[in-house]
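Here the structure comes first, spelled out in structure tokens, and everything after it is commentary.
Residue numbers (the numbering used here), protein chains in the order written: chain H, 3 to 419; chain R, 2 to 223.
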């Protein structure tokens with residue numbers, strides 16, 4: 003009889019199920035995984051070092067490019083760290099706008115995750131559905147910041163500008179008849195808030211659609227139940243946060259436990275799982291989308307009734323308006339100083355964390371009193387989870403590896419930084 | 002938070018070098034490498050701390066801490082150079098502590114509290130005991146700090162490079178490592194393979210680093 007030995011093969015870095023550039027050195031015994039050694043860093047851009055070389059505000063745009071499916075949330079942690087060091091606080095309206103866009107971003111992220119997870123496991127339809135809804139949310143991004151993805155919308159001291167009073171509309175063309183264009187523009191007649199309100203009206207029904215396709219689907223369950231099980235104790239020790247931790251039954255959410263901005267004024271629930279497998283994490287994330295919809299609705303109602311400033315008028319940190327700059331010498335000087343040199347932050351260090359769609363996203367910032375950060379350390383949520391891939395996947399079949407990678411909700415922008 | 006501050010001081014007061022509250026109101030402990038492991042074990046296991054998560058570990062290089070590239074206090078006859086020619090770096094804040102540091106962010110989910118540990122070390126290579134046995138999440142964090150700063154974590158089961166290229170030389174996040182890097186990579190059609198060459202670009206500083214004494218914060222610091 004021939005001697006059968008373990009076989010080592012290479013997974014990725016270019017593989018559709020690797021969710022980016024992930025290289026796995028995989029050791030298998032037949033179809034069963036014995037050991038996985040993830041090689042990351044293929045997307046390493048030294049964001050932290052780049053941030054050390056430029057004034058504070060110039061790095062906000064880099065934050066979008068970390069986890070490039072939950073852009074505004076990354077910015078949020080970064081501006082919070084600056085605000086902590088400067089001891090300033092954004093106006094209430096800005097805080098509500100931030101929370102609303104954080105939750106829109108969470109839905110964006112979970113939709114992409116759901117679509118890709120389902121696609122990896124073999125269900126194509128959910129992917130198309132999810133991208134249909136993402137399109138509406140991307141339009142919200144575009145309406146408020148001018149870009150669909152890399153918004154650079156949050157600023158230290160508030161947000162860049164107030165919510166627009168109108169939504170861009172589709173125009174009819176050779177490919178889109180007047181009648182069809184009219185129906186596409188139906189929700190776009192009012193303000194941005196009206197548009198989002200209309201979305202939150204529709205969205206719970208759309209989640210039901212996804213759930214109809216998946217939750218009780220026999221194949222879906224066969225592929226996810228009892229796959230990638232992690233106990234609560236191990237999850238904590240391995241540094242898991244977010245849905246990865248809640249899926250294992252730990253009710254831990256920074257929005258509830260260490261509320262930032264206005265989360266303590268909002269009413270929402272934290273879903274937790276029981277078994278800590280892929281299926282529970284799926285249920286947790288789907289429920290989180292419903293809860294996010296609830297939060298967004300509460301924000302819209304508050305924002306409709308409470309106009310006000312969306313950014314501080316502290317011109318040592320926040321640039322004055324264009325209009326003021328043209329007629330006020332002082333504003334001109336502030337503008338010049340802010341855009342040539344930036345502002346200095348007093349010596350000190352701070353760690354700011356938010357409940358990112360993937361878990362705890364934190365920025366540890368050290369300032370030596372200069373106009374540039376001395377050190378910025380980004381705590382990415384899926385980084386420690388990917389580090390534990392070996393533990394999650396050991397003993398599973400090769401086909402389950404794909405389900406486990408996608409349940410992590412890994413994005414290489416933030417893992418490699 | 003002040004509650005935790007007192008408890009920490011009572012328990013570890015003699016073992017740490019410094020115990021303070023950071024700008025974010027997080028208790029910050031500074032300690033020597035000799036005490037790190039025993040303190041970490043105590044923080045993880047004992048009441049009333051129970052820090053069950055190591056959230057983050059950041060390497061820091063304090064080589065150029067408090068150095069400015071542009072004088073701001075007095076003007077010269079020719080005025081400011083607008084940063085086109087950089088003045089030799091001038092030390093504004095003196096850093097008399099060791100050059101390298103590792104900063105640990107801890108989180109206790111049972112008591113909902115945070116803590117920051119700081120270990121500063123000198124030496125080449127700097128050596129810090131690994132906390133992998135206390136928190137398994139230290140695995141990649143320590144590999145990353147080793148990769149980027151060259152800090153060696155004694156007792157780590159598998160200390161390899163993580164983020165940089167295969168065969169990379171140097172530790173890129175050290176302050177004496179240039180931002181533009183040392184080598185660049187291109188495909189050579191003649192040799193039909195990728196070749197490494199010294200970088201051909203020049204480093205430019207668009208905005209010089211400036212340390213200002215901001216009057217709004219002076220009263221607070223004094």
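All residues carry an ideal CB built from backbone N, CA and C; glycine is no exception.
* Interface positions of the stretch 50-67 of chain R facing chain H (Cβ-Cβ less than 7 Å), listed along the chain -> 53, 54, 55, 56, 57, 59, 61, 66, 67
* Would the beta-carbon of residue 107 of chain R fall within 8 Å of that of residue 121 of chain R? -> no
* Would the stretch 21-31 of chain H and the stretch 3-13 of chain H be scored as touching if the rule is three or more Cβ pairs under 8 Å? -> yes
* Asked: Applying a beta-carbon distance threshold of less than 8 Å, which residues of chain H neighbour residue 174 of chain R?
  -> 48, 50, 51
* Asked: Since residue 106 of chain R meets chain H, which of its residues come closer than 8 Å, beta carbon to beta carbon?
  -> 353, 364, 366, 381
* Asked: Do the stretch 120-140 of chain R and the stretch 92-104 of chain R make contact, defined as three or more Cβ pairs closer than 8 Å?
  -> yes
* Asked: Are the C-beta of residue 95 of chain R and some C-beta of chain H separated by less than 8 Å?
  -> no
* Run the CB neighbour count on residue 227 of chain R, radius 10 Å, all protein chains shown included, and call it buried at 16 or more, exposed below. => Lying before the first or after the last residue shown, residue 227 of chain R is absent from chain R, which here runs from 2 to 223.
* Residue-chain proximity (residue 339 of chain H, chain R), Cβ-Cβ < 8 Å -> no
* To do: Please state whether DSSP places residue 218 of chain H in a helix, a strand or coil.
  => coil
* Start and end of the alpha helix (DSSP H) containing residue 1 of chain H? -> This structure cannot speak to residue 1 of chain H, because chain H is shown only from 3 to 419.
* To do: Answer yes or no: do residue 364 of chain H and residue 57 of chain R have a C-beta to C-beta separation smaller than 8 Å?
  => yes
* Under 8 Å between C-beta atoms of residue 241 of chain H and residue 274 of chain H -> no
* Are the C-beta of residue 131 of chain R and some C-beta of chain H separated by less than 8 Å? -> no
* Roughly how many angstroms lie between the CA atoms of residue 8 of chain H and residue 116 of chain H, to the nearest whole one? -> 34 Å
* At a CB-CB cut-off below 9 Å, which residues of chain H make contact with residue 233 of chain R? -> What is shown of chain R runs 2 to 223, which leaves residue 233 of chain R out entirely.
* **Chain-ordered chain H contacts of residue 210 of chain R [CB-CB under 8 Å]** => 372, 373, 374
* Asked: Would you say residue 40 of chain H and residue 388 of chain H are within 8 Å of each other, going by their C-beta atoms?
  -> yes
* To do: Could you round the C-beta distance between residue 380 of chain H and residue 58 of chain H to whole angstroms and report it? I think they count as a contact, below 8 Å.
  => That belief does not hold up - the Cβ atoms of residue 380 of chain H and residue 58 of chain H are roughly 15 Å apart, past 8 Å.
* To do: State the DSSP-derived secondary structure class of residue 160 of chain H, mapped to helix, strand or coil.
  => strand
* Look up residue 152 of chain H in the DSSP assignment and say whether it is helix, strand or coil. => coil
* To do: Kindly say whether residue 357 of chain H, judged by its beta-carbon, lies nearer than 8 Å to any beta-carbon of chain R.
  => no
* Neighbourhood of residue 142 of chain R by C-beta, 6 Å cutoff - its chain only, sequence neighbours within 5 removed -> 58
* To do: Buried or exposed for residue 147 of chain R, please, with buried defined as at least 16 other CB atoms from any protein chain shown within 10 angstroms of its CB.
  => buried
* Taking C-alpha atoms, which residue in H:175, H:192, H:243, H:181 lies nearest to residue 169 of chain H? -> H:192
* To do: Take residue 75 of chain H and list the residues in its own chain whose beta-carbon comes closer than 7 Å to its own, dropping the five residues that flank it on each side.
  => 104, 107, 356, 358, 359, 363
* To do: Give the secondary structure of residue 27 of chain R by DSSP, where H, G and I count as helix, E and B as strand, and everything else as coil.
  => coil
* **Within chain R, partners of residue 343 of chain H - CB distance below 7 Å** => 208, 211
* To do: Give the secondary structure of residue 307 of chain H by DSSP, where H, G and I count as helix, E and B as strand, and everything else as coil.
  => helix
* Asked: By DSSP, does residue 20 of chain H sit in helix, in strand, or in coil?
  -> helix
* To do: Taking residue 117 of chain R as the query, report the chain H residues whose CB atoms sit under 9 Å from its CB, ordered along the chain.
  => 351, 353, 366
* To do: Would you kindly work out how many angstroms separate the C-alpha atoms of residue 197 of chain R and residue 162 of chain R, rounded to a whole number?
  => 19 Å
* Close Cβ partners of residue 419 of chain H (< 8 Å) along its chain, the five nearest in sequence each way excluded -> 46, 47, 48, 49, 50, 68, 380, 382
* Asked: Using the C-alpha atoms, what's the distance from residue 206 of chain R back to residue 398 of chain H?
  -> 51 Å
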